[in-house]
Amino acid sequence: MWDHLKDPELKQQGLTDACNGEMKIEPDESADLKFIVRMDGKTLQMFLNDPEKDLESMGDEIFNVLHLSSDPAKLVLDAMVGFYPPHLRKGDTEFNVRKTCIILLEQLIKMSPNIQPYVTEKAYELASAWKLKMRPSAQNPLEVLGFLHLLAAYNLASHFDKDEVISFLVMVAQHSQTSELRRILGFPEGTTGSLF
Numbered sequence: 009m010w011d012h013l014k015d016p017e018l019k020q021q022g023l024t025d026a027c028n029g030e031m032k033i034e035p036d037e038s039a040d041l042k043f044i045v046r047m048d049g050k051t052l053q054m055f056l057n058d059p060e061k062d063l064e065s066m067g068d069e070i071f072n073v074l075h076l077s078s079d080p081a082k083l084v085l086d087a088m089v090g091f092y093p094p095h096l097r098k099g100d101t102e103f104n105v106r107k108t109c110i111i112l113l114e115q116l117i118k119m120s121p122n123i124q125p126y127v128t129e130k131a132y133e134l135a136s137a138w139k140l141k142m143r144p145s146a147q148n149p150l151e152v153l154g155f156l157h158l159l160a161a162y163n164l165a166s167h168f169d170k171d172e173v174i175s176f177l178v179m180v181a182q183h184s185q186t187s188e189l190r191r192i193l194g195f196p197e198g199t200t201g202s203l204f
């Protein structure tokens, strides 16, 4: 493996390459695994919002990260804090943060872990805070979809007004996730009127 260092000329070239930053170093997968296992919600959110990451293709990777977590429901809940970032107003960053939160919630729903009561309580507090901040409309579908995914992931629909939840489902009826959300939230086909 280190045979190239025995030849003085190659050794010098290797040192030159290293000094010039041209030496290729393979990332240590176990270091990545340790990083992921120790990740908290805020770090996970920052990791996923890296502009170089393609969120649409990361579903399986996120699912695997959640499987490695000792408490995936708490990890995802901690990452939700960025859904209404205080320092961001409008634009791509806010859009990406909300999209990331929704993807995390989708993967948590898919995983269907046991959720500790204290985590459910914290999720309810967060959902209540989101509901107050939300500007529900077809023009803000990510806010409504995020709220509905939060209710679905933490089984919170019964804690909110049924008619209001139905009206949120109607607002995002054109989105592909809506029929699945409707089912998870406990609104079978036909209970929400002819709009579905």
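The numbering of the sequence shown is the working numbering, which starts it at 9 and goes up by one. Where is the CB? At the ideal position from N, CA and C, for every residue including glycine.
{"Check": "Member of 195, 176, 197, 65 whose CA lies at the smallest distance from the CA of residue 111", "Outcome": "65"}
{"Check": "Own chain partners of residue 135 with C-beta closer than 8 Å, once the 5 adjacent residues on each side are dropped", "Outcome": "155, 158, 159, 162, 164, 167, 168"}
{"Check": "Pairwise C-alpha distance: residue 150 and residue 47", "Outcome": "25 Å"}
{"Check": "Of the listed residues 138, 89, 77, nearest to residue 122 (C-alpha basis)", "Outcome": "77"}
{"Check": "8 Å Cβ cutoff met for residue 144 and residue 176", "Outcome": "yes"}
{"Check": "Contact under 8 Å by Cβ, residue 180 with residue 153", "Outcome": "yes"}
{"Check": "Inter-residue CB distance, residue 80 and residue 119 (contact presumed, cutoff 8 Å)", "Outcome": "6 Å"}
{"Check": "Among 131, 67, 68, the one whose alpha carbon lies nearest that of residue 87", "Outcome": "131"}
{"Check": "Whole-angstrom distance between residue 70 and residue 124, CA atom to CA atom", "Outcome": "21 Å"}
{"Check": "Residue 105 vs residue 49 beta-carbon contact at 8 Å", "Outcome": "no"}
{"Check": "Euclidean distance between Cα positions of residue 115 and residue 91", "Outcome": "16 Å"}
{"Check": "C-beta atoms of residue 73 and residue 113 nearer than 8 Å", "Outcome": "no"}
{"Check": "Nearest to residue 82 (by Cα), restricted to the options 62, 52, 107, 56", "Outcome": "52"}
{"Check": "Cα-Cα separation, residue 187 to residue 138", "Outcome": "22 Å"}
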